[in-house]
Every structure is written in structure tokens, then in C-alpha cells.
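Enquirer: Provided herewith is a single structure, encoded as C-alpha cells, for subsequent inquiry.
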Amino acid sequence: MSRRLRLGLFGEAEAPIGPAHEVGYDTGRMNPEGPVTLATAYRTHTLGELRTEHVDAEVSLSGWVNRRRDLGQLIFIDLRDRHGVTQVVIDATESPDAHAAATAVRNEFVLRVQGTVARRREGTENPKLATGEIEIRAASVEVLSWAKTPPFPINEPEDTDETLRLKYRYLDLRREAINHRLVLRSKLLRSLSEVHHKHGFVEVETPILIKSTPEGARDFIVPSRLQPGNIYALPQSPQQLKQLLMVAGFDRYYQIAHCMRDEDARADRGPEFTQLDIEMSFVSQEDVMSFVEMTVAEVTRAVVPDRPIRTSPFPRFSYREAIDRFGSDKPDVRFGMELKDLGEVVRGSGFGVFDNVVESGGRVVGMAAPGLGSATRSQIDELTAMAKRAGAKGLVHMAVDNSGAVTSPVLKFLGEERADQIVAAVGASPGDLVLIVADADIHAQEALGDLRAVLGQRLGLIKDDNELSYLWVYDFPMYKWDKDGNRWDATHNPFSGVQPDDEKLLETATGDFSQLSPSDPAGQARALQHDLVLNGWELGGGSIRIHRHDLLERSFLLQGHSREAMQEKFGAVLDAFEYGAPPHGGIALGIDRWIALLTNQENIREVQAFPKTGTGSDLMLGAPSPAEPAQLAELGLLMAPPREPAKPA
Ligand code: ASP
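Set out below in C-alpha cells:
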């Protein structure tokens, strides 16, 4: 990617995360382990299997017509299944009946062909195809199914309108790239299952109709017919159930769990998703992290052996370090462009914006964007708009020209000497652009961090797109003050444990838990929370849980739950913890996001067989659909008149 900033670039949808990492029929590498034999009544071989060693064998093959070329006396058919493509030759003089049948077939017809494997004539081999040295001389061609002309070509790449692809997903899934991604997904699931079984985990399925486990999102609800007026919730995650399994003595649980959260869809999140959900007993945070790290490395090697893991053991950053250096709790460390604190450099500069922020305990942070020193006015405007969208009040910039001279609208306030100190502090070179945000602590770093993440991609700072940069972030704050709710919200998981040294901080300033305030010591407590990050995306997170009844109650009080409310929401776990709960912890990793990153897809719909649109529609099945009056009556529900669907986020 060019290092030059192109105008209008920032408004566009995210570019693909990296080069296409695809393997397919045409490359003949569909099955990296080698050809698969799946002989049945309809076929002796799959369509990716035959080689020169099969020459003269009598075979029977079945599949779809990928392409047909009619040369009169000779008809060539490329027959396709998910394993590959095999060329069939139908010669009118050798097999007149087969030729007559082949004359009538069209793309996507399903055929059974019987014939003999022959070496292709010299010069007509197709080196791109695994089966490219042979062809089948057909003795018979039988049409098993005819096909309408598909709404988009199956034998071409995927740049079809997505609505059409989703409506005819069963046709879209015939295409090699997406088919390959789902095969890779299946491999990942198999590999996960193998690793967990090898290490003593028990796979337990938890129910889909449950009582809501609040994970910070809206529940999907299901009205109960047998208990009118009551509802089930679909699981946002099996969090409470997996913890209850620990109390039940299953010391190592895992599940490929379907989770549902009624949120506006985003590229990296849909209303339904799949996660690897695990929980372990008698473990420290180190035990969980090292098990997960070993699993992730092993599964990565099994699924994408050609993609190197950038750093192993995975680097670990405290939340504070990640925020201060990269402006993100899911940093992409494949490139530098680190943030620098400019508080000391700008202190007392007389530039009101900076002085006020420094005096009020906020942060002035800057970074050098390489090669952007000659950015145009409108490019700067675009960067400023991005910074504002990321929550900054504004963006200060300083351009360093090729001779090292600094130009900036704030030069007159800061003076040249301080400007040079800033340039030196952020490590800017001639030709670079210095970007500075001044705001509250964390807020300032995150706003600049958003810019860093986008510029790192756009400026082509990632040298090797193939690398997988896994890392851990830990030491998160336990809570975040919610000023509207006047309470401490759990930053991650309501059950997260607290660092042993910080247990004494789970207190209020007054000692009275009915009077929460932003100055409570609880605001300083750090959680035993760990997030796994891949290439700047949060792959998942988990924690060591609170397993003591008294401490959990204290944490829930800080989270603003009365004793009655906590009993109503989390009663099962609270009760269970009075019957001997082992220390335990776990994690959940987003499978969709993981596969999307491993196959360089920006959108998780590209790695789901039957995804929903941004407004939650299944275009193929036509869901959601109006309820039948009889169904509503049975449930005792009245439906409000339909409204316009929500716009995708
Ligand atoms: N329940 C959490 C989630 O689904 C993961 C965990 O803490 O294990 O995100």
C-alpha cells in the first residue's frame, strides 16, 4: 500500500485487512492435506482426486457443471465439487449418447459421468489445477438435476451484490473462496476440540432458553406459552452456567457456544455469534492465560500453517501501558507510531488549550505520522474530523518539512523552541506530521489511538500482512463510573475477580454501599481480567472470577444492585457459592472474528454459513417474519403495528 495519504480515503469503508489469503479449486490446493476419497454409489472419486497414476482407470464422477465448451464434435465440461475440478471430454464419435446428453447441459447442472481417465495431450495440461494433467474420456453422461441460470456466476469471484449472495446463500456457498473459509472454520473447530479433549476438558452443552445473563447487551427474549406473561432470554453467553459447572465439580469445561445479543450489527459483530467458551477450576490467571496461549498457537499452526505468529510467547501489556503507548486496549503492535506524553514539554507554554488540560490532570499526547508532512488542508480536515468522531475536542498538527522546519497554526502560541521539543519528543523526522490531542486521561490517548490504528493501515506501516500478532492485555480497571446510573459498572464481566492487593479497595468512600460516588476507592481496583488481541482486534476476554459469596455481594453492591436485585438476577450463582465454590476462571474467544482474521476478511458474514444482514434479516429464509395471529393468541401477546426496520449501525 502506498505511504501517501489519498484524499477521501478516510471516509471509505475499511480496506481489506490484508492480501487475499485464499486457496481454491483453481489453485488445486483446496485440500491442503491432499486429495480426499469419498467413494459412494454415485462416484468412485471426488473431483480433486485424479492424477496421472489413475490413467486408464474406469471412474464414475458426480458434480456440478462449472464450465462447458462446445467445439462441435468435442464438448469439454469442467465438473466441480468442493474438492476440485476435473475436465471431462465428450467425443461424439466415441460416445454419441453421452455427446447428445452433454449438448443439453448448462452451467450448474448436476451430472454423473462414467468414463476412463486419460493423460491430457501434451501442451494442453493445466498446471493451475491439481487434476490438470488428466481428463476423463466420457462413456456416459447422466443429468441428475437440471439448473436454472444462477442469479450470479458461481465460477467467478465474489464481487456480487451481497444482498443477492445472502438470498441465494446455497449458491454463494458453492463458490470456492467462501467454501474454503467454511472448511477452514470446520478445521479450527476440530482442532479446538482435539486440544481441549487432550487436556482433560469436558464438553458440556448449556441450554439456549435461559434466564438472562447480563453481559452488557440487550437480550433476545422468548415468551413462554406454558407460563404466560413470563419470558426466557437467549444466552448472551453461558457465563453463569459455566461457573455453576465449576461449582458442580467439572474442573475443565469447554463449549463452542452460540450466543445472541440484540445489538445493532457491525462488521465484526452480528446478532448471533459463536464463541469458544471455557472455564477452569483451581487455576491462577497465569494458568488460564498459558493454557489459552498454547491452544491458540497450536490451533493456528493446524489451521493456517503458512501464517507465522509474530511474537511468541505472546507479548503482554497492562491496560495502562497499552493505553499510554498505543491509545487502545486492543493495540495493533505490528507498527510503531507510538503515542508520547507531552505533559512536561507543554507545561506552562501559555497555550491555553494545553495548559488547561495539564493543570486539570488531563493528558496532552502526540505521535508522528510518517510521511504525512505534506498533507493538504483537506486531508488535515479529514484527520480532525476523524479525531472528533473518536471523541477528541480537536486535533493539533505540526508539519515537519524536508529541511526539518516546523509549520503549525499553533506555532505562534507555543514558540519555535517548544515546537522543536515536541517534534523531538514524538520522534518525528523531516517529512512527518505531528498529531496532538489534549483531553482527559485515557480519553486523549484513545482518541489519538483511533487515528493511529487507521493511519497504520492507510500508510502501509504494516510490513508483513501475513503475520499474526497475538497479544494479551491485563490489569484492567474493575469498574467504570456510570454517572447516569450513579454506580460502578463492571468494565468487562460482572463476576470478574479483583487483584488480591486491591481487594481492600472494593469499598465506598463513606463505608456505606447505598451511597456510591466517583471518589470511591473501588474506582482504583484492578480486575483479574485478561483480553486476547489479534492484529488490533479483540479476539476475546475472560477473568478469574470472584468465588467468595461475601466478595461477590460487595462487588454487586458497587455495581448498583440492591440485595434483592442481585438475588433476582444472579441468585443461582450467589446461592451456589454457599455450597463450596472452587476458585475458577476462564475466557471466551470469538470464533467468527478469529476465522475472519485468519482468512483476512473484514466482515464476519464472510465466515458464517448463513449470516444475517445488518438489520438482522435472514434473506434466504425470510426471517424475521410476521407472527401468525394464532401463535400470538397462544402466547397471550398483542403485537404493536410494524415499524420501519432499524438502520444498520
Ligand atoms: N462471558 C464472557 C463473554 O462472553 C467471557 C468470559 O468472561 O469468560 O464475553
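Numbering-wise, my numbering puts 484 at position 383 of the sequence shown, and it's gapless, one number per residue. C-beta: ideal position from N, C-alpha, C; glycine also.
(1) Between the C-alpha atoms of Leu675 and Phe383, what's the straight-line distance to the nearest angstrom?
(2) Let me check you understand the geometry: is the CB of Ala591 closer than 8 Å to at least one non-hydrogen atom of the ligand ASP?
(3) Counting only runs of 4+ residues fully inside the stretch 327-384, write out the alpha helix (DSSP H) ranges in chain order.
(4) Output the distance between the C-alpha atoms of Arg130 and Leu652, rounded to the nearest integer angstrom.
(5) Does the stretch 244-252 come close enough to the stretch 198-212 to have 3 or more Cβ pairs within less than 8 Å?
(6) What three-state label does DSSP hand Lys564 in the structure shown?
(7) Can you give the beta carbon distance from Gln337 to Phe671, rounded, assuming they're within the 8 Å contact cut?
(8) Just checking, does the stretch 520-536 make contact with the stretch 398-411 on the three C-beta pairs under 8 Å criterion?
(9) Any heavy atom of the ligand ASP closer than 8 Å to the beta-carbon of Glu364?
(10) Taking the beta strand (DSSP E) that Ser419 belongs to, which residues open and close that run?
(11) Work out the CA separation of Arg370 and Arg266 for me, nearest whole Å.
(12) Pull up the DSSP beta-bridge partners for Arg464, would you.
(13) CB of Asp378 to nearest heavy atom of the ligand ASP: below 8 Å?
(14) Out of curiosity, what's the CA-to-CA distance linking Val599 and Gly462?
(15) If you reduce the DSSP assignment to three classes, tell me which class Ser42 lands in.
(16) Kindly examine the ligand ASP and report whether one of its heavy atoms sits closer than 8 Å to the Cβ of Ser382.
(17) Where are the beta strand (DSSP E) runs, 3 residues long or more, that stay fully inside the stretch 393-464, in chain order?
(18) Answer with buried or exposed for Leu327, where buried requires no fewer than 16 other C-beta atoms within 10 angstroms of its C-beta.
(19) When the Cα atoms are used, what is the spatial distance from Asn167 to Lys312?
(20) Against chain B, with Cβ distances strictly below 9 Å, would Ala469 count as a contact?
(21) Rounded to the nearest angstrom, what separates Leu172 and Ile191 at their Cα positions?
(22) Only counting the same chain, and skipping five residues up and downstream in sequence, which positions put a Cβ closer than 6 Å to that of Gly717?
(23) Val538 and Ala526 - do their beta-carbons sit closer together than 9 Å?
(24) Closer than 8 Å to a non-hydrogen atom of the ligand ASP - does that hold for the CB of Gly687?
(25) Are the beta-carbon atoms belonging to Ile696 and Arg286 less than 9 Å from one another?
(26) Ends of the alpha helix (DSSP H) at Gln522?
(27) Would you call Leu139 buried or exposed, if buried means 16 or more other Cβ atoms sit within 10 Å of its Cβ?
(28) Note the first and the last residue of the continuous beta strand (DSSP E) segment covering Lys581.
(29) Is the beta carbon of Val574 closer than 9 Å to that of Arg282?
(30) Considering just the uninterrupted stretch of the alpha helix (DSSP H) at Gln668, what are its terminal residues?
(31) Does the Cβ of Ser644 lie closer than 8 Å to at least one heavy atom of the ligand ASP?
(32) With respect to 8 Å, is the separation between the Cβ of Lys312 and the closest non-hydrogen atom of the ligand ASP below this value?
(33) For Thr204, does the three-state DSSP call read helix, strand or coil?
(34) Can you name the start and end residues of the alpha helix (DSSP H) that Ala710 belongs to?
(35) Beta strand (DSSP E) containing Ala500: first to last residue?
(36) Among the residues of its own chain, which have a CB less than 7 Å from the CB of Trp582, if the five just before and after it don't count?
Expert: Well, looking at it:
(1) Here the question's residue 675 lines up with position 574 in the sequence shown. Here the question's residue 383 lines up with position 282 in the sequence shown. So the alpha carbons of these two residues sit roughly 19 Å apart.
(2) If you number the sequence shown from 1, residue 591 lands on position 490. No.
(3) You should have 340-348.
(4) Counted from its first residue, the sequence shown places residue 130 at position 29. Counted from its first residue, the sequence shown places residue 652 at position 551. Here Arg130 scores only 41 on pLDDT, less than 50, and its place in the model is too uncertain to base an answer on.
(5) yes
(6) Looking up residue 564 in the sequence shown gives position 463. Coil.
(7) Here residue 337 refers to the residue found at position 236 of the sequence shown. Here residue 671 refers to the residue found at position 570 of the sequence shown. Their Cβ separation, rounded to whole angstroms, is 14 Å, which puts Gln337 and Phe671 out of contact at 8 Å.
(8) no
(9) Numbered from 1 along the sequence shown, position 263 holds the residue referred to as residue 364. Not so, every heavy atom of the ligand ASP lies at least 8 Å from the Cβ.
(10) Indexing the sequence shown from 1 puts residue 419 at position 318. If you look at Ser419, you'll find it in the beta strand (DSSP E) that goes 417-419.
(11) For the purposes of this step, residue 266 is identified with residue 165 of the sequence shown, where counting begins at 1. For the purposes of this step, residue 370 is identified with residue 269 of the sequence shown, where counting begins at 1. Taking the straight line joining both Cα atoms gives about 19 Å.
(12) On the sequence shown, residue 464 is found 363 positions in, with the first residue counted as 1. Asp540, per the DSSP bridge assignment.
(13) Start at 1 with the first residue of the sequence shown, and residue 378 comes out as number 277. Yes - the ligand ASP has a heavy atom lying nearer than 8 Å to the Cβ of Asp378.
(14) In the sequence shown, counting from the first residue as 1, residue 599 sits at position 498. In the sequence shown, counting from the first residue as 1, residue 462 sits at position 361. Roughly 26 Å separates the two Cα atoms.
(15) Any property of residue 42 remains undetermined from this structure, which presents the chain solely from 102 to 750.
(16) Within the sequence shown, the letter at position 281 stands for residue 382. For the ligand ASP, not one heavy atom lies less than 8 Å from the Cβ of Ser382.
(17) Counting only runs of 3 or more, we get 417-419.
(18) In the sequence shown, the residue the question calls residue 327 occupies position 226. Flag for Leu327 reads exposed.
(19) Here residue 167 refers to the residue found at position 66 when the sequence shown is read from its first residue. Here residue 312 refers to the residue found at position 211 when the sequence shown is read from its first residue. Going from the Cα of Asn167 to the Cα of Lys312 covers about 49 Å.
(20) Among the chains in the structure shown there is no chain B, since it carries only a single protein chain.
(21) On the sequence shown, position 71 is the one that residue 172 refers to. On the sequence shown, position 90 is the one that residue 191 refers to. Computed Cα separation, rounded: 10 Å.
(22) The count along the sequence shown starts at 1 and reaches residue 717 at position 616. Hits under 6 Å: Pro372.
(23) Counting from one through the sequence shown, the residue named residue 526 turns up at place 425. Counting from one through the sequence shown, the residue named residue 538 turns up at place 437. Result no, Cβ atoms of Ala526 and Val538 do not sit closer than 9 Å.
(24) Mapped onto the sequence shown, residue 687 falls at position 586. Yes, the beta carbon of Gly687 sits closer than 8 Å to at least one heavy atom of the ligand ASP.
(25) Here residue 696 refers to the residue found at position 595 of the sequence shown. Here residue 286 refers to the residue found at position 185 of the sequence shown. Yes.
(26) By one-based count along the sequence shown, residue 522 stands at place 421. Note, Gln522: alpha helix (DSSP H), 517-527.
(27) The count along the sequence shown starts at 1 and reaches residue 139 at position 38. Exposed is the call here.
(28) Taking the first residue of the sequence shown as 1, we reach residue 581 at position 480. Its beta strand (DSSP E) spans residues 580-583.
(29) Translated into the one-based positions of the sequence shown, residue 282 becomes position 181. Translated into the one-based positions of the sequence shown, residue 574 becomes position 473. Not closer than 9 Å, so no.
(30) By 1-based counting over the sequence shown, the position of residue 668 is 567. Here the alpha helix (DSSP H) through Gln668 covers 664-677.
(31) As a position in the sequence shown, residue 644 is number 543, starting the count at 1. Checking the Cβ of Ser644 against the ligand ASP gives yes.
(32) To locate residue 312, count along the sequence shown from 1; it is residue 211. Lys312 has its CB no nearer than 8 Å to any heavy atom of the ligand ASP.
(33) In the sequence shown, counting from the first residue as 1, residue 204 sits at position 103. Reduced to three states, the DSSP call for Thr204 is helix.
(34) Against the sequence shown, residue 710 aligns to sequence position 609. Here Ala710 belongs to no alpha helix (DSSP H), and DSSP marks it neither H nor E.
(35) Here residue 500 corresponds to residue number 399 of the sequence shown, with the count starting at 1. First-last of the beta strand (DSSP E) with Ala500: 497-501.
(36) One-based indexing of the sequence shown puts residue 582 at position 481. Only Trp589, Pro619, Gly624 meet the Cβ criterion.
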